[in-house]
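All remarks here apply to the structure that follows.
There are 2 protein chains.
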Amino acid sequence: MGQKRSDAIADTLEGLILDGSFEDGQRLDEVQLAERFEVSRTPLREALQRLAVSGLVEQIPRRGVFVRQPGPVELVEMFEVMAELEAVCARLAAERITDEALEEMRRANASCRKALEAQNTDGYYRENEGFHAILYRQSGNSFLEQECRRLHRRLTPFRRLQLRLRGRIRQSMAEHEAIVDALEHSDATLAADRVRAHVSVQGEKFFHLMRSLKTAAE
Amino acid sequence: MGQKRSDAIADTLEGLILDGSFEDGQRLDEVQLAERFEVSRTPLREALQRLAVSGLVEQIPRRGVFVRQPGPVELVEMFEVMAELEAVCARLAAERITDEALEEMRRANASCRKALEAQNTDGYYRENEGFHAILYRQSGNSFLEQECRRLHRRLTPFRRLQLRLRGRIRQSMAEHEAIVDALEHSDATLAADRVRAHVSVQGEKFFHLMRSLKTAAE
DNA sequence: ACGTCAAGTTTTGTATACAATAACAGCCTT
DNA sequence: AAGGCTGTTATTGTATACAAAACTTGACGT
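Structure below.
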């Protein structure tokens, strides 16, 4: 067990927040959570500090920490940035990508198709992650790769939601293949545009889904 | 005194690391720093946790925390990402920017020119920051704005270095004005390209400066 | 009755004490 | 003499104890 207790707690809490297990604005009681994890307040506070830096919770001095779920506006903004970041990856990758990586992307796409035909949504989702991970890596800029992964991770629960829309998976697949084609032809602009559109549509689909859910609830 | 002691420590340490007051790989001794700041280890550890998440220090469990200065490769990567992020800001801003903001940018530029003529490097630097801050804001995407500010802050000491190059400031000013022109004409592509080039050249200048310093030292 | 103020309680922030693990040094064995 | 083992020390990680600030509640005055 190389890592310490406080790291494990931070990871667990991060997962819980991303899963939406906490309401927006809910206060995270230190002693309560300490009991729950069966530790003292010290490691728990260290975990909360980390979450605060990541932006998952807001820490108001002498008041406590409160979970901070992104609202619709912030989500749209985050998806927009994600689209732009991935577009940059594509533009850079178009000139830097290796043949092996292209082959990897094709293989990831093939696995996606297999999962699609098997109605295996989870499997599709996993392979889809892999596809994007390769794109990040092939930007040839490991700092950019890191930043992409960070934002990707933060958007995970929301991205997942919109994949449930009928027909979205099949469309997403076609976009993936078009992206690989553009990369193969080293067409930087085309690749960037296609990736941007691919991610943007995720954000838009999500937004409409939210809207329909909200109006349905009223 | 709204903030707590540990926040102030984190800020101070962040500043010290960004200033290059610590060697790369240097271990930060908890008790030693605690004495220095005249606090106990508890708030100091919380501060270190935060720095670790920000990536300014690396925390190896049961071993300690070590400052992590970006190497030349990482710096080039960071400048590349900064250039792309600001280019995105420009592209979005070209369609979203308000007339008042355009006026603000022109005013910031005028102040820059005044500082330039007064040989006031610090003043120029401050106004230059303002110019970029307006650009971020005018992307109309506050999440993007935040991310830009974060990276900008991290690159501050290195950016500052390259401004000392002869003639760079005057050239930088001209680029600023060309950027405002493109924004005024709502030419998204041109604005993006000019901003990207403007920031990229900073990275390149910095890289060459580093190289010359390194070869001179050998 | 309502607002204001004060004592009490809760909760955050900090200090200190304790535990556990890794670096270190000296000794023993081969 | 070299390498490994063991006891010691130093340092990190966690628990508990204490201090300070904010929220709560109730009484008092207007």
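From first to last, the protein sequence lines are chains A and B. Numbering follows my numbering, in which position 48 of the first sequence is assigned residue number 48; successive positions increment by one, without gaps. Numbering follows my numbering, in which position 81 of the second sequence is assigned residue number 81; successive positions increment by one, without gaps. Glycine is no exception: its CB is placed at the ideal position from the N, C-alpha and C atoms.
Three-state secondary structure (DSSP) of residue i
i: Arg-27/B; result: strand
i: Arg-211/B; result: helix
i: Gly-71/A; result: coil
i: Glu-145/A; result: helix
i: His-198/A; result: helix
i: Ile-97/A; result: coil
i: Asp-7/A; result: helix
i: Gly-20/B; result: coil
i: Glu-38/A; result: coil
i: Phe-79/A; result: helix
i: Asn-109/B; result: helix
i: Gln-119/B; result: coil
i: Gly-130/B; result: helix
i: Gly-140/A; result: coil
i: Val-88/A; result: helix
i: Met-1/B; result: Low confidence applies to Met-1/B: its pLDDT is 45, below 50, so where it sits in the model is not reliable, and the reading given next is rough at best. Three-state DSSP puts Met-1/B in coil, outside helix and strand.
Best match in the options for proximity to residue i [C-alpha to C-alpha]
i: Cys-219/B; options: Leu-85/A, Ala-52/A, Gly-64/A and Ala-191/A; result: It is not possible to answer for residue 219/B, since the shown part of chain B is limited to 1 through 218.
i: Leu-209/A; options: Asp-19/A, Arg-45/A and Leu-161/A; result: Leu-161/A
i: Asp-187/A; options: Arg-68/A, Arg-96/A, Phe-66/A and Phe-22/A; result: Arg-96/A
i: Asp-181/A; options: Ala-94/A, Leu-51/A and Gln-49/A; result: Ala-94/A
i: Leu-75/A; options: Thr-12/A, Phe-131/A, Glu-14/A and Leu-151/A; result: Leu-151/A
i: Tyr-136/B; options: Arg-91/B, Val-39/B and Asp-29/B; result: Arg-91/B
i: Thr-12/B; options: Ala-133/B, Phe-37/B, Glu-30/B and Val-201/B; result: Phe-37/B
i: Leu-165/A; options: Thr-121/A, Gln-32/A and Asp-193/A; result: Thr-121/A
i: Lys-205/A; options: Glu-80/A, Glu-147/A, Arg-50/A and Glu-46/A; result: Glu-80/A
i: Gly-123/A; options: Leu-155/A, Arg-153/A and Cys-112/A; result: Cys-112/A
i: Ala-133/A; options: Asp-193/A, Ser-6/A and Arg-149/A; result: Arg-149/A
i: His-198/B; options: Arg-41/B, Met-82/B, Ala-47/B and Arg-50/B; result: Met-82/B
i: Ser-6/B; options: Gln-119/B, Gln-49/B and Glu-184/B; result: Gln-49/B
i: Glu-87/A; options: Glu-46/A, Met-173/A, Ser-200/A and Ser-40/A; result: Residue identity differs from the one stated: residue 87/A is Ala in this sequence, not Glu. It is Ser-200/A whose Cα lies nearest to the Cα of Ala-87/A.
i: Asp-19/A; options: Asn-141/A, Pro-157/A and Met-173/A; result: Pro-157/A
i: Val-73/B; options: Ser-212/B, Phe-207/B, Leu-44/B and Thr-42/B; result: Phe-207/B
i: Asp-193/B; options: Thr-189/A, Val-195/A and Ala-118/A; result: Thr-189/A
i: Ala-52/A; options: Ala-34/A, Glu-14/A, Met-173/A and Leu-33/A; result: Glu-14/A
i: Arg-153/B; options: Ile-17/B, Ala-8/B, Ile-9/B and Lys-4/B; result: Ile-17/B
i: Lys-4/B; options: Leu-56/B, Met-173/B, Glu-46/B and Gln-119/B; result: Glu-46/B
i: Ile-9/A; options: Glu-145/A, Ser-139/A, Ser-212/A and Val-39/A; result: Val-39/A
i: Gly-140/A; options: Leu-116/B, Leu-144/B and Glu-77/B; result: Glu-77/B
Sheet register partners of residue i (DSSP bridge)
i: Phe-66/A; result: Arg-27/A and Glu-58/A
Contact test: residue i Cβ vs the ligand PLP heavy atom, cutoff 7 Å
i: Glu-147/A; result: Here there are no bound small molecules, and the ligand PLP is not part of this structure.
- Message: Taking contact to mean 3 or more Cβ pairs, one atom from each stretch, closer than 8 Å, check whether the stretch 88–106 of chain B and the stretch 54–68 of chain B are in contact.
- Response: Cβ pair count under 8 Å is below three, so no.
- Could you tell me whether the stretch 104–122 of chain B touches the stretch 170–181 of chain B, where touching means 3 or more Cβ pairs closer than 8 Å? Below 8 Å, enough C-beta pairs join the stretch 104–122 of chain B and the stretch 170–181 of chain B to call them touching: three or more.
- Which full runs of the alpha helix (DSSP H) of 4+ residues lie inside the stretch 152–193 of chain B, going along the chain? Assignment of alpha helix (DSSP H) within the stretch 152–193 of chain B, counting only whole runs of 4 or more residues, yields 168–184 in chain order.
- Evaluate contact between the stretch 23–32 of chain B and the stretch 63–74 of chain B, counting only Cβ atoms and requiring at least three cross-stretch pairs below 8 Å. Here the stretch 23–32 of chain B makes contact with the stretch 63–74 of chain B; the two share three or more CB pairs at distances below 8 Å.
- Item | Stretch-stretch touch, CB-based, cutoff 8 Å, three pairs: the stretch 110–128 of chain B with the stretch 164–173 of chain B | Judged by pairs of C-beta atoms under 8 Å, the stretch 110–128 of chain B touches the stretch 164–173 of chain B, as three or more such pairs exist.
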